[in-house]
Amino acid sequence: MVIHWLNFSRFIRYAISLVCLLLLLWGNVPALAQTASSDGSSSITPYLNRAIERVTEFTLDNGMKFIIKENHDAPVVSFVTYADVGGTDEPDGKTGVAHFLEHLAFKGTTKIGTTNYEKEQEVLTRLDKIFMDLKTAKKAGNEGEIKQLTETFKKVQSEAANYVQQNAFGRIVETAGGVNINAQTTPDATLYFYSFPSNKLELWMSLESERFLDPVFREFYKEQNIILEERRLRTENNPIGTMVEAFLDTAFTEHPYKRPTIGYNEDIRNLTRQDVRDFFNTYYGPNNLTISIVGDVNPQKVQQLAQTYFGRYGKKPEPPKVTKVEPKQKETREVTLKLASQPWYLEGYHVPALSHPDSAIYQVISTLLSSGRTSRLYKSLVEEKQVALVAQGFNGFPSDKYPNLMLFYAQTSPKASLEDVDQELSLEIEKLKTQPISSQELQRVKNQLRASLLRSLDSNLGMGKALVEYEVKTGSWRNLFDQIQAIEAVTSADIQRVAKATFIPENLTIGRILPKS
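Mapped onto the numbering used here, the consecutive letters of the sequence shown carry residue numbers 211 to 727.
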């Protein structure tokens, strides 16, 4: 799946899940929860140290890194393969290729997913040739040739389908007791994950290593239509999706965060199997893959099997890195759309990346202003002033490997205007700069962050995602465990300092959705 916007309820769920994901920490939840005192403070250092002691890491000679965290509470294990490549890494004119590759990574290999690969390969080659000829005919406007090639394309596509064993990879996983098999593409990365009984460790090693050692990108054109339909539903026919795309394109002028992860319509239509193959060969080398394994495993056994299965990968050159830097914004930017929707108001402020020393402060500010019914925006705009039906926001939009946005959004109430929402939101933001937050409110916010964290720690999969994300985005998985201590250390003065530097007109982008009527 690609992380983007289907509807507003998904918009909210993503905001909440993002907060949880960025703050997933140590493994012994019950013990940690019991140490919290009445004021919300806790002596967590022993538990952090114990969690760190359970983490093992190693790197193969080809550059592939593994992070293992032992958890022997149950005979299960979760696996996360993290490719350090997402929407920001795509070449201009080929947006959506990272997400496209995610879809095709489940289609199998030369041995999995086919009844006869040699014959299938011949048909796929013919199909690609016809597709390119069809593109040429369309550019030339040759209607007769277009009709003939379209009919031929459909016949050859049906022929190729005869060799496909549908969902063969997924069936192997599920038959062996695997669950939660899925993937996601973000602007920063592509993740593949699922969980197995612990006695299936070697099966996972075999399947996952084959998947990226010997992939076959079959059913390409079928997935192309599926992705185009996905874009229509989630962006082109959805007011929030349309606004998000326009908002990012306004807030960012240079950095590829301005582009949609799912890709632009025209780019998706023009992608070829060769484009996907080239992208895979560039970015899916072992030195650009990091794997986390969390659960009932023996680290020595993991390393032995990893060498056997993933050690087969040959070294590859370092892939290109994102070099574009977003210029400092110098004035307020605005985008207004008239859509078949209720009125919505959005504000976004540029903030630093996850690796920045002030990351924890931004997280506290975001939670203070806009997380849940106890947040300042909800209490003021929704309950007291009644200018909004919804008032929320989050940090790290659209992602956080690079400098990004803190986003706030609100739907106006029937008797209020977008100007009313703008005014009340500005008042709440101004208070952060001029009025020190009380120790009680600050502690409540820290407690809220901790509670969200604790609810997210029951999952080996969640831990695996967090470990590997911090490893790649910040340089070390250990920074994951430092984050909670950084949150505890945030002061009222820190909040005022950061708010004064961040919430200024020249750092602001405004988005408005007006009803067509």
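For each residue, glycine too, the CB sits at the ideal point set by N, CA and C.
- Only buried fits Arg722, as 16 or more other CB atoms lie within 10 angstroms of its CB.
- Short of 7 Å from the beta carbon of Asp506, and not among the five residues preceding or following it, lie these beta carbons of its own chain, in chain order: Asn281, His282, Ala284, Pro285, Val286, Val287 and Ser408.
- Ala709 has its alpha-carbon roughly 20 Å from the corresponding atom of Ala620.
- A Cβ-Cβ separation of about 26 Å leaves Ser623 out of contact with Val655 under the 8 Å criterion.
- Boundaries of the alpha helix (DSSP H) around Arg441: Phe430 to Arg441.
- Within the same chain, and ignoring the five residues on either side of Tyr402 in sequence, the residues whose Cβ sits closer than 7 Å to its Cβ are Thr291, Ala315 and Ala393.
- Residue state for Met274 is assigned as coil, using DSSP reduced to three classes.
- Contact annotation: Leu547 and Leu724 have beta-carbon atoms nearer than 9 Å.
- Within its own chain, the residues whose Cβ lies closer than 6 Å to the Cβ of Lys526, once the five positions on either side in sequence are excluded, are Gly495, listed in chain order.
- In the three-state reduction of the DSSP assignment, Arg543 falls in the strand class, which pools E and B.
- When only Cα atoms are considered, Glu638 and Ser649 end up about 18 Å apart.
- In the DSSP annotation of this structure, the continuous segment of the beta strand (DSSP E) that includes Tyr555 starts and ends at Trp554 to Val561.
- Counting of Cβ neighbours within 10 angstroms places Gln695 among the exposed residues, the total staying below 16.
- Boundaries of the beta strand (DSSP E) around Ser405: Thr400 to Pro407.
- Just so you know, the alpha carbons of Val600 and Gln552 end up roughly 12 Å apart.
- In the three-state scheme derived from DSSP, where H, G and I count as helix and E and B as strand, Arg722 is classed as strand.
- The region 474–490 makes no contact with the region 625–642, as fewer than three CB pairs between them are under 8 Å.
- Annotation: Lys538 to Leu359 spans about 50 Å, alpha carbon to alpha carbon.
- Inclusion of Ser662 and Thr396 in the CB contact set at 9 Å is not warranted, their separation being larger than that value.
- Note on Ala293: 16 or more other CB atoms within 10 angstroms of its CB, so buried under the neighbour-count rule.
- For Thr622, the uninterrupted beta strand (DSSP E) run begins and ends at Asn614 to Thr622, by DSSP.
- As DSSP reads the structure, Lys279 sits in a beta bridge with Val265 and Val504.
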